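Using the numbering used here, read the sequence shown as starting at 83 and increasing by one per residue.
Positions of the beta carbon are idealized from the N, C-alpha and C atoms, including for glycine.
This structure is a prediction, so every number in the text was calculated from the model and none was measured.
To start, the structure under review is shown below, and the notes come after it.
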Amino acid sequence: SNGLASLGVDSDATLLLADIMRDAGFVNVTTRIFYVPIGRWPKNKTLKLVGSYWRAILLDGAQPIALGPMTRGLKWSREQVEMRLVDVRRAYMDGQKPEEDMSVGI
83 SNGLASLGVD SDATLLLADI MRDAGFVNVT TRIFYVPIGR WPKNKTLKLV GSYWRAILLD
143 GAQPIALGPM TRGLKWSREQ VEMRLVDVRR AYMDGQKPEE DMSVGI
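Structure (structure tokens):
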């Protein structure tokens, strides 16, 4: 998020959407936060499937998601980003429950 912040992007902006919608005149606006597993660690069959899909999405998107903020925002070289992504991909594939699930606000 430091790379995004240096580019002027608020990585928590989605949490403000409900207030923005209320300010625009919408009523009965609610926010729901869903915690999405990453990987196949959940025991629940549906969550295991969702986690598999989410891990695949993150693995496929890791490089394009990371390159802009890390090269332009943090001034890392492309090689530095790629080296960091090796660890990220390894963590996604190790099959362990991560320290945090990914939250998705709707």
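Query                                                                                                                                                                                         : Result
For I115, tell me which candidate among L99, R172 and L141 has the shortest Cα-Cα distance.                                                                                                   : L99
According to DSSP, is V118 part of a helix, a strand, or is it coil?                                                                                                                          : strand
Since T128 is in the alpha helix (DSSP H), which residue starts that stretch and which ends it?                                                                                               : K127 to L149
L167 and S88 look like a contact to me (Cβ under 8 angstroms); what is the Cβ gap, rounded to whole Å?                                                                                        : Actually they are not in contact, since the Cβ atoms of L167 and S88 sit about 19 angstroms apart, beyond 8 angstroms.
Quick check on the burial criterion: 16 or more other C-beta atoms within 10 angstroms. Buried or exposed for P146?                                                                           : exposed
Quick one, are the C-beta atoms of P151 and L86 less than 7 angstroms apart?                                                                                                                  : yes
Please work out which residues of its chain come closer than 7 angstroms, Cβ to Cβ, to L141, disregarding the five sequence neighbours upstream and downstream, and give them in chain order. : R171 and Y174
Find the nearest neighbour of G90 within the set R154, W136 and G107, judged by alpha-carbon distance.                                                                                        : R154
Which residues bound the alpha helix (DSSP H) around S88?                                                                                                                                     : N84 to S88
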